[in-house]
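Worksheet for the structure shown next.
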Amino acid sequence: MSEQDQITTDPTKPAQRMRAGSMTISATPWIIAAVLLIAMPYLFPSRSALTIMNQMSITIVFALAYNMLLGQGGMLSFGHAVYMGVGGFVAVHVMNLISDTGAPFPMPFLPIVGGLFGMGLAMIVGSFSTRSAGTVFAMISLGVGELIAACSVIIVVFFGGEEGVSGYRDEGLPFFGFDFAQQIEVYYLIAAWLMISALLMYLYSRTPIGRMANAVRDNPERAEFLGYSARWVRYYSFAASGFFAGIAGGLFAINYEILTEENLNTASSGVILLVTFLGGVGFFFGPIIGAIAFTLLQTVLSLHTELWAFYAGVLFVATVMFFPGGLAGLIMMHVPVFQIGKAKQLVLPYFKTLIPGAVAVLGVSALVEMTFHYRHAATGDNEMTVFWTTFDSHAILPWVIALVVTFGALYLTRLNAPSLREAWAEANTPDGGAA
Amino acid sequence: MTAALELSGLRKSFGKTEIIRGVDLAIGQNERHAIIGPNGAGKSTLFNLITGRFPQTSGHIRLHGQDLAGKAPYEINRMGLSRSFQITNIFPKMTVFENVRCSLLWSMGYKYNFWSMVSKSRALTDGADQILEQINLTARRDLPAGVLSYAEQRALEIGITIAGGADVIMLDEPTAGMSHSETDYIVDLIRKVTENKTLIMVEHDMGVVFGLADQISVLVYGEIIATGRPEDVRANSKVQEAYLGEALEAEH
Ligand SMILES: Nc1ncnc2c1ncn2[C@@H]1O[C@H](COP(=O)(O)OP(=O)(O)OP(=O)(O)O)[C@@H](O)[C@H]1O
Ligand SMILES: [Mg+2]
Chain R
0 MSEQDQITTD PTKPAQRMRA GSMTISATPW IIAAVLLIAM PYLFPSRSAL TIMNQMSITI
60 VFALAYNMLL GQGGMLSFGH AVYMGVGGFV AVHVMNLISD TGAPFPMPFL PIVGGLFGMG
120 LAMIVGSFST RSAGTVFAMI SLGVGELIAA CSVIIVVFFG GEEGVSGYRD EGLPFFGFDF
180 AQQIEVYYLI AAWLMISALL MYLYSRTPIG RMANAVRDNP ERAEFLGYSA RWVRYYSFAA
240 SGFFAGIAGG LFAINYEILT EENLNTASSG VILLVTFLGG VGFFFGPIIG AIAFTLLQTV
300 LSLHTELWAF YAGVLFVATV MFFPGGLAGL IMMHVPVFQI GKAKQLVLPY FKTLIPGAVA
360 VLGVSALVEM TFHYRHAATG DNEMTVFWTT FDSHAILPWV IALVVTFGAL YLTRLNAPSL
420 REAWAEANTP DGGAA
Chain C
0 MTAALELSGL RKSFGKTEII RGVDLAIGQN ERHAIIGPNG AGKSTLFNLI TGRFPQTSGH
60 IRLHGQDLAG KAPYEINRMG LSRSFQITNI FPKMTVFENV RCSLLWSMGY KYNFWSMVSK
120 SRALTDGADQ ILEQINLTAR RDLPAGVLSY AEQRALEIGI TIAGGADVIM LDEPTAGMSH
180 SETDYIVDLI RKVTENKTLI MVEHDMGVVF GLADQISVLV YGEIIATGRP EDVRANSKVQ
240 EAYLGEALEA EH
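Keeping their order, the protein sequence lines are chains R and C.
Its first residue numbered 0, the first sequence is counted upward by one per residue in numbering that gives the first Met the number 0.
Its first residue numbered 0, the second sequence is counted upward by one per residue in numbering that gives the first Met the number 0.
Dropping the structure here:
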């Protein structure tokens, strides 16, 4: 059968092959990422773009940290924001300490402080939460999350109550002449930390404990019979994840110069789960894609519609239901097609199905926007704009047009979907493979 | 010389039913010991007790003279005892190679190491490849273990059981559900990999049992009714009556 075809390499030289493989996979994506990070401010120099990119980078670090638990360790946490939050709060306090005392602590190292405190907290909580990975772990994470979020109004000295804690990032000792008053300096600081953290997290996944985290995720019992305590393996993942979440918190402190209860609460914990899952938990780069996509949704889409969270929610549900591998899974699904060399055959079927599909999605969102406007706009304010078209949301014609376009597009999508499915199956079959 | 494994007065109840009802057994160093008996006799339960999967209700288990009471499976494994499972128990999403590499990590001293790259370790890669060679799965090296055929998965299960270098190997029905040729392959494999080790094996296939074992114990309803060399056990009338008559007949 086709099992034979999957072995494309020479089985007689396993060791050699493996080394060659591991060399080629490593460097290239990292170099591309570094170049991109350096070039981005030249491509998008506006203030708002920098703001978005900073937010994106911080979210990427946090999402990668979260995925050390969820994707690599198989632990579903509903309260991971507290590790980033606590790391961030400590970082702001240290920032203030630097301002007040003039201590010669260079600002670029602040995220390490956040990381250490994130890890410290994770080590405390992990000591009792990592006993199991399933529901118990999830419930403890939720409980601890709520508990610490509640502390924010109780321990006002540390959490600053409702206003939170704020500081100034530019009052420290200048670091090689940079005082981080400029946004662009902050951008590069965050970008550097993003590269370092991502690289470290990636390398961690290739260490013995990182490999065993996968093993324990897949089959904790078997791992125990191989000499590893599943609980200790989880504990290490948890502590490491707490460290990088804390780094993200430190970066947040530098970028925004303020932390509030919002950084700790369950909503923030939910967002990072959503981001990570959207990107795909099964691949290292999944959370990166998720963080980029989500930040764009959040920042760009929210400029255009009040309903952005609704769309994000729909996207999340659709991902869970139809693409449990997330965006990364969707991308990686195509690797075999390229290996077989039949990717070209997919272009036309994709066009024929995805373009009407995209129109249908836009049509549905137009209908949603119109309904929202119809129900919620102030009386007399009947004029609305969707997709650069201004019209009267109480008139019949726009509704007819929107409905016809939407259903027409839906019909075309359905009509063409079977041929896409066929083309997909065909593109995944190697020529002369079925022997 | 202390026995490799020694059970004394071992009992196990699940609720009110006593499944293991007082087992005394000593298995010598480098012995190949088969445990046979009818379905539901408690063979797998006995394995689970020895490997720390369940706690015993009473009695003692000693590995190289050391009491295993209260020890977790990973601690017992570190003391040099390793097991396979009746129902294949591997890491299905990992590649075949990674399955084996994971089972080498602890014994090669990596423990909870988070600073060295597994792919950079020559010893680890070569060690895993050697095991793959032994279990004849080199050609399957980079496939996810879950896609292997049943017999190949059983071979992999044996591979990860022996990889850690344990000197007491416990195999629960290694040839269950295999064709004749697959069985022959696995038997050769077991003989090869348990050279100079203690083997404890549960097996229903009498051909395999009499081919491999130096000693046989017959477990019926949670009690060992006979222990001895294959030819003695075969001739034992109690055994004939309780089990072997049937089992040998079923062979034909
Ligand atoms: N965890 C458990 N809880 C309750 N009863 C159990 C448990 N495990 C096993 N038993 C019972 O113990 C008895 C012995 O089971 P065991 O699996 O040890 O038999 P076995 O000799 O391995 O049989 P087989 O040859 O079918 O593998 C069975 O009646 C089974 O139902
Ligand atoms: Mg059994």
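Just so it is clear, CB atoms sit at the ideal spot from N, CA and C, and this is done for glycine as well.
It should be emphasised that the depicted structure is a prediction, and the values quoted were computed from it without experimental measurement.
Whose C-beta lies closer than 6 Å to the C-beta of residue i among residues of the same chain, with five residues either side of it excluded?
i: F237 of chain R; result: A121, G125 and T129
i: T174 of chain C; result: T182, I185, D204 and V207
i: A416 of chain R; result: T352
i: A200 of chain C; result: Before going further, note that residue 200 of chain C is Met rather than Ala in the sequence given. Counting only Cβ-Cβ distances below 6 Å, and skipping sequence neighbours, we find A33 and L170.
i: T11 of chain R; result: Unreliable placement is indicated for T11 of chain R, whose pLDDT of 42 sits below 50; the coordinate value is still reported in the next sentence. For T11 of chain R, where only same-chain residues beyond five positions count, there are no Cβ hits under 6 Å.
i: L414 of chain R; result: none
i: R158 of chain C; result: The identity of residue 158 of chain C in the sequence shown is Gly, whereas the question assumes Arg. Once the five neighbours on either side are set aside, the close Cβ partners of G158 of chain C are V99, I130 and I134.
i: S12 of chain C; result: T56
i: E170 of chain R; result: S98
CB of residue i to nearest heavy atom of ligand 2: below 7 Å?
i: S43 of chain C; result: yes
i: V201 of chain C; result: yes
i: D171 of chain C; result: yes
Quick check: is any heavy atom of ligand 1 less than 7 Å from the C-beta of residue i?
i: Q85 of chain C; result: yes
i: N38 of chain C; result: yes
i: T35 of chain C; result: Per the sequence shown, the amino acid found at residue 35 of chain C is Ile instead of Thr. I35 of chain C: no, Cβ never under 7 Å from ligand 1.
i: I215 of chain C; result: no
i: F13 of chain C; result: yes
i: I49 of chain C; result: no
i: I257 of chain R; result: no
i: I18 of chain C; result: yes
For residue i, I'd like the list of residues in its chain whose CB is within less than 7 Å of its CB, leaving aside the five on either flank, ordered along the chain.
i: I183 of chain R; result: P40 and L49
i: N213 of chain R; result: Q71
i: H372 of chain R; result: M383 and S392
i: S21 of chain R; result: Note that S21 of chain R scores 45 on pLDDT, short of 50, meaning its location in the model is unreliable and no value can be drawn from it.
i: G325 of chain R; result: F276, L277, G278, G279, V280, G285, G289 and T318
i: A14 of chain R; result: Since pLDDT at A14 of chain R reaches only 41, below the 50 mark, its modelled position is unreliable, and the value read off the structure follows with that caveat. So the list is empty, once near-sequence residues are dropped.
i: A89 of chain R; result: The residue you asked about is not Ala; residue 89 of chain R is Val in the sequence shown. Cβ neighbours of V89 of chain R beyond the five flanking positions: V112, G113 and F116.
i: V313 of chain R; result: none
i: N264 of chain R; result: A80 and A148
i: L48 of chain C; result: L9, K11, I19, Q55 and I60
Apart from the five residues just before and just after residue i, which ones in its own chain have a Cβ nearer than 8 Å to its Cβ?
i: M93 of chain C; result: C101, P143 and A144
i: D23 of chain C; result: L6, S7, G8, L9 and I223
i: E256 of chain R; result: V91, M94, S165, G166, Y167 and R168
i: Q5 of chain R; result: Since pLDDT at Q5 of chain R reaches only 40, below the 50 mark, its modelled position is unreliable, and the value read off the structure follows with that caveat. Result list for Q5 of chain R: empty, nothing under 8 Å.
i: T294 of chain R; result: I51, Q54, M55 and T58
i: F96 of chain C; result: A127, D128, L131, R140 and D141
i: G340 of chain R; result: none
i: I287 of chain R; result: I59, A62, L63, A197 and G278
i: L188 of chain C; result: Q133, I134, N135, A154 and I157
- [ ] Report yes or no: do the stretch 89–102 of chain R and the stretch 318–336 of chain R share at least 3 C-beta pairs separated by less than 8 Å?
- [x] Judged by pairs of C-beta atoms under 8 Å, the stretch 89–102 of chain R does not touch the stretch 318–336 of chain R, as fewer than three such pairs exist.
Review point. Counting Cβ pairs, one atom from each stretch, are 3 or more of them under 8 Å apart for the stretch 49–64 of chain R and the stretch 271–280 of chain R?
Key: By the Cβ test, the stretch 49–64 of chain R is in contact with the stretch 271–280 of chain R, since at least three Cβ pairs between them sit closer than 8 Å.
Quiz item: Does the pairing of the stretch 125–135 of chain C with the stretch 239–247 of chain R give three or more beta-carbon distances under 8 Å?
Solution: They do not touch, by the three-pair rule.
Ignoring anything shorter than 4 residues, give me the alpha helix (DSSP H) runs that lie fully in the stretch 11–63 of chain C, in order along the chain.
If you keep only unbroken alpha helix (DSSP H) runs of at least 4 residues inside the stretch 11–63 of chain C, you get 42–49.
Count the CB pairs spanning the stretch 80–98 of chain C and the stretch 146–165 of chain C that are closer than 8 Å, and state whether there are at least three. Flag = yes, the stretch 80–98 of chain C and the stretch 146–165 of chain C touch.
For the stretch 159–218 of chain C, which segments carrying the beta strand (DSSP E) assignment without a break, of at least 3 residues, lie completely within its bounds, in sequence order?
Listed in chain order, the beta strand (DSSP E) elements of length 3 or more contained wholly in the stretch 159–218 of chain C are 167–171 and 197–201.
Between the stretch 9–21 of chain C and the stretch 42–50 of chain C, can you find at least three pairs of beta-carbon atoms closer than 8 Å? Inter-segment contact for the stretch 42–50 of chain C and the stretch 9–21 of chain C is present: three or more beta-carbon pairs are separated by less than 8 Å.
Checklist line | Contact the stretch 400–409 of chain R vs the stretch 361–368 of chain R: 3+ CB pairs below 8 Å | finding: With the cut-off at 8 Å, the stretch 400–409 of chain R and the stretch 361–368 of chain R touch.
Can we say the stretch 225–236 of chain C touches the stretch 52–72 of chain C, given the rule of at least three CB pairs closer than 8 Å? With the rule of 3 Cβ pairs closer than 8 Å, the stretch 225–236 of chain C does not count as touching the stretch 52–72 of chain C.
Quiz item: Is the stretch 300–315 of chain R touching the stretch 107–122 of chain R, taking contact as three or more C-beta pairs under 8 Å?
Solution: The stretch 300–315 of chain R, when compared against the stretch 107–122 of chain R, does not touch it at the 8 Å Cβ threshold.
Meets three-Cβ-pair contact criterion under 8 Å: the stretch 136–153 of chain R and the stretch 207–223 of chain R
The stretch 136–153 of chain R makes no contact with the stretch 207–223 of chain R, as fewer than three CB pairs between them are under 8 Å.
Next item on the list: Within the stretch 142–225 of chain R, note down every full alpha helix (DSSP H) run reaching 4 residues or more, in order along the chain.
Entry: Taking 4 residues as the shortest admissible run, the stretch 142–225 of chain R contains the following complete alpha helix (DSSP H) segments, listed from N- to C-terminal end: 155–158, 182–203, 207–217 and 219–223.
Within the chosen definition, does the stretch 102–110 of chain C reach the stretch 221–239 of chain R through at least 3 CB pairs nearer than 8 Å? The stretch 102–110 of chain C, when compared against the stretch 221–239 of chain R, does touch it at the 8 Å Cβ threshold.
Sufficient close CB pairs (3 or more, under 8 Å) joining the stretch 154–168 of chain C to the stretch 70–81 of chain C | The stretch 154–168 of chain C is in contact with the stretch 70–81 of chain C.
Unbroken stretches of the beta strand (DSSP E), 3 residues or longer, contained in the stretch 58–133 of chain C:
Complete beta strand (DSSP E) runs here, min 3: 80–82.
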